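For reference, the structure discussed in these notes is given below.
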Amino acid sequence: MPELKDFPFGNSSDSNRGDFKPWEQRPAPGAGGGGGQSFGRSQDEPPQLERFCQEMQLYDLQTVVNSQIDLAYYPMINRHTTAETDNEKRVTSNQEAWQLFLNEELYDTRRITLTHFHLFEWFPLTPGLFHTPSARQNRENAYKMRFKAQNGRSYFNPYGKADMLRGGIGAVRLRPRKVLEEPHFFMTASSNGVCHEGFPVLIPRRFYGRLKARLLRDGAVPVTLSGEMRYLFDDLPTFFEGHREIPQLYLHVDQIEDLPQPRAELKEYTVSAAISFVGKFDGQEGVYATYATFNPARRDSLHQAVRWLEEFYVEGQYEGVVVTDFDEIQPRFPNVLFGLPDLMAGELNQNKIKSFLQKYGMKENAGQPFYMIYKEINTQGGAYIEGNVNTGGGDFIGRDKVIPGGEE
11 MPELKDFPFG NSSDSNRGDF KPWEQRPAPG AGGGGGQSFG RSQDEPPQLE
61 RFCQEMQLYD LQTVVNSQID LAYYPMINRH TTAETDNEKR VTSNQEAWQL
111 FLNEELYDTR RITLTHFHLF EWFPLTPGLF HTPSARQNRE NAYKMRFKAQ
161 NGRSYFNPYG KADMLRGGIG AVRLRPRKVL EEPHFFMTAS SNGVCHEGFP
211 VLIPRRFYGR LKARLLRDGA VPVTLSGEMR YLFDDLPTFF EGHREIPQLY
261 LHVDQIEDLP QPRAELKEYT VSAAISFVGK FDGQEGVYAT YATFNPARRD
311 SLHQAVRWLE EFYVEGQYEG VVVTDFDEIQ PRFPNVLFGL PDLMAGELNQ
361 NKIKSFLQKY GMKENAGQPF YMIYKEINTQ GGAYIEGNVN TGGGDFIGRD
411 KVIPGGEE
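Heads up: the sequence shown is residues 11 to 418, going by the working numbering.
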């Protein structure tokens with residue numbers, strides 16, 4: 011079993027930089043559990059009923075795959091018109107944007123300006139979910155699912171990780187797709203520098219070129235941007251049978267003002283990446299989920315997150331194998347069963363998928379509705395973009411404070 015010390019996560023000279031460490035636990039606002047529980051002594055994994063284990067295993071994979079499949083539908087929007095109205099709403103925070111949505115004020119074609127947000131080239135796995143009451147409850151539940159590893163630090167077990175994903179954690183990086191013959195990039199605008207808490211935006215290629223250098227250098231770009239709200243059809247099928255708590259929506263941007271500096275209170279940018287894996291937990295082989303956090307402003311941070319996920323968590327703790335990915339531009343886990351490029355292109359190996367679903371007690375015909383309509387989804391085509399953000403992983407929950415896992 012690999013130990014944390016085996017990974018090049020930095021040395022003591024870096025300890026005061028404020029960078030994310032793969033083992034840090036960061037509670038989100040209102041997530042609970044931040045100071046009310048001590049992890050100074052060893053804790054056993056909570057016992058689980060067999061039926062509960064099976065349900066959780068199925069849901070872990072479904073959570074990740076359904077969310078990624080939903081992202082494939084975004085290119086179905088084949089037109090964009092600027093509303094002829096002065097009824098534009100200015101928004102200054104993530105919370106304000108999503109509250110407007112809940113109040114039904116972000117209707118289709120409504121013009122919105124996001125003032126002094128931070129633009130990421132990563133896209134929320136489940137846009138808006140973080141801000142719902144059920145997601146907050148899931149994040150609170152996650153604190154009941156922690157364990158102490160041999161290195162003395164505390165982590166979420168796979169059930170806790172899955173609760174965090176159902177709490178709105180996670181992001182992916184996607185290739186651009188053509189809309190009206192122009193490549194568009196699926197990105198996130200966040201007021202607080204946390205990607206999965208932000209608002210999904212679609213950025214035309216004509217704006218992207220001038221942003222890329224700062225994305226590579228700084229991890230995100232401070233901007234004020236304007237555009238028009240768009241929604242997708244509610245009846246698009248998920249890969250597994252499921253229900254969407256938040257409709258698929260985004261802001262189609264047509265104006266961007268680059269800003270010289272991030273908000274004064276912002277100290278660092280944060281992206282969390284989620285995967286599913288097959289492993290052994292509580293003596294039972296099953297399908298589980300996990301995630302890791304990285305700072306896109308640090309060129310080595312993404313690489314460290316990938317190593318933490320695969321070598322320390324999946325292989326080291328659960329003798330597992332990764333089955334999904336989170337990066338379509340530069341796959342981090344090539345040749346996995348649910349590879350993101352293949353999934354987004356509708357090119358998954360259906361025979362292998364069927365055998366996998368049968369083995370783990372899932373419906374073997376899952377995904378058929380998606381395969382049937384994918385030709386319509388993908389008519390706009392796609393393209394690679396050049397460049398890479400090598401920007402380590404672990405348990406990220408929000409941004410407020412750090413719980414030193416495994417310390418008295």
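Glycine included, every Cβ here is placed at the ideal spot set by N, Cα and C.
Computed from a predicted model, the values in this text were never measured in an experiment.
Between residue i and residue j, how many whole angstroms is the CB-CB distance? I'm expecting something under 8 Å.
{"i": "Thr303", "j": "Ser282", "result": "5 Å"}
{"i": "Leu110", "j": "Leu235", "result": "Not a contact, Cβ separation roughly 16 Å."}
{"i": "Arg156", "j": "Gly170", "result": "6 Å"}
{"i": "Ala181", "j": "Phe133", "result": "6 Å"}
{"i": "Glu207", "j": "Asn361", "result": "Actually they are not in contact, since the Cβ atoms of Glu207 and Asn361 sit about 39 Å apart, beyond 8 Å."}
Here's a check: name, in chain order, each residue in its chain whose Cβ is nearer than 6 Å to the Cβ of residue i, leaving out the five neighbours to either side.
{"i": "Phe343", "result": "Val332, Asp335"}
{"i": "Arg120", "result": "Met239"}
{"i": "Asn151", "result": "Asp173"}
{"i": "Ala307", "result": "Asp228, Gly229, Tyr279"}
{"i": "Thr389", "result": "Below a pLDDT of 50, predicted positions are generally treated as unreliable, and Thr389, at 35, falls in that range; no measurement from the model is reported."}
{"i": "Ser144", "result": "none"}
{"i": "Glu106", "result": "none"}
{"i": "Asp352", "result": "Leu358"}
{"i": "Thr102", "result": "Thr125"}
{"i": "Asp337", "result": "Arg183"}
{"i": "Asn148", "result": "Asp173, Arg176, Gly177"}
{"i": "Trp108", "result": "Gly138, His141"}
{"i": "His262", "result": "His90, Leu212, Gly237, Glu238, Arg240"}
{"i": "Ile330", "result": "According to the sequence as given, residue 330 is Gly; it is not Ile. Same-chain partners within the cutoff: Phe287, Val288, Gly289, Val324."}
{"i": "Ile266", "result": "Phe217, Val233, Leu235"}
{"i": "Val316", "result": "Arg342"}
Based on DSSP bridge pairs, tell me the residues matched to residue i.
{"i": "Gly422", "result": "The displayed coordinates of the chain run from 11 to 418. Any statement about residue 422 would go beyond what the structure contains."}
{"i": "Val331", "result": "Val288"}
{"i": "Gly170", "result": "According to DSSP, which records beta bridges pairwise, Gly170 is partnered with nothing at all."}
{"i": "Ser282", "result": "Thr303"}
{"i": "Lys369", "result": "In DSSP, Lys369 forms no bridge with anything."}
{"i": "Leu319", "result": "Answer is none; Leu319 lacks a bridge partner."}
{"i": "Gly237", "result": "Ile122, Val263"}
{"i": "His194", "result": "Arg187, Pro214"}
{"i": "Arg100", "result": "Thr123"}
{"i": "Ala181", "result": "Pro134, Ala283"}
{"i": "Gln294", "result": "Phe291"}
{"i": "Asp268", "result": "Val233"}
{"i": "Val346", "result": "Answer by DSSP bridge pairing: none, since Val346 is not bridged."}
{"i": "Ala199", "result": "Leu129, Phe209"}
{"i": "Asp337", "result": "Arg183"}
{"i": "Val204", "result": "Thr280"}
Going along the chain, which residues of its own chain have a beta-carbon closer than 8 Å to the beta-carbon of residue i, five neighbours each way excluded?
{"i": "Tyr328", "result": "Pro168, Phe287, Gly289, Lys290, Phe291, Tyr298"}
{"i": "Asp118", "result": "Met239, Arg240, Tyr241"}
{"i": "Glu320", "result": "Val332, Phe343"}
{"i": "Glu192", "result": "Pro214, Arg215, Arg216"}
{"i": "Pro341", "result": "Asp335, Gly349, Leu350, Pro351"}
{"i": "Glu115", "result": "Lys99"}
Are residue i and residue j close, meaning C-beta to C-beta below 9 Å?
{"i": "Leu347", "j": "Leu358", "result": "yes"}
{"i": "Gly419", "j": "Asp268", "result": "Summary: the structure shown does not reach residue 419, with the chain confined to residues 11 through 418, and so no result is reported for it."}
{"i": "Leu129", "j": "Ala199", "result": "yes"}
{"i": "Pro137", "j": "Leu259", "result": "yes"}
{"i": "Arg273", "j": "Pro232", "result": "yes"}
{"i": "Pro214", "j": "Phe196", "result": "no"}
{"i": "Leu221", "j": "Val189", "result": "no"}
{"i": "Ile179", "j": "Leu112", "result": "no"}
{"i": "Gly177", "j": "Arg216", "result": "no"}
{"i": "Phe322", "j": "Ser201", "result": "no"}
{"i": "Lys154", "j": "Tyr165", "result": "no"}
Using a Cβ-Cβ cutoff of less than 7 Å, which residues in the same chain neighbour residue i once the five nearest sequence positions on both sides are dropped?
{"i": "Arg100", "result": "Thr123, Thr125"}
{"i": "Ala218", "result": "Looking at the sequence shown, residue 218 is not Ala but Tyr. Excluding sequence neighbours, Tyr218 sits near Phe195."}
{"i": "Gln271", "result": "Pro232"}
{"i": "Asn345", "result": "none"}
Taking CB distances under 9 Å as the criterion, tell me whether residue i reaches chain B.
{"i": "His128", "result": "Within the model displayed, chain B is absent; a lone protein chain is all it includes."}
query: Unbroken beta strand (DSSP E) runs of length 3 or more, entirely within the region 125–170: which are they?
result: 156–158, 164–166
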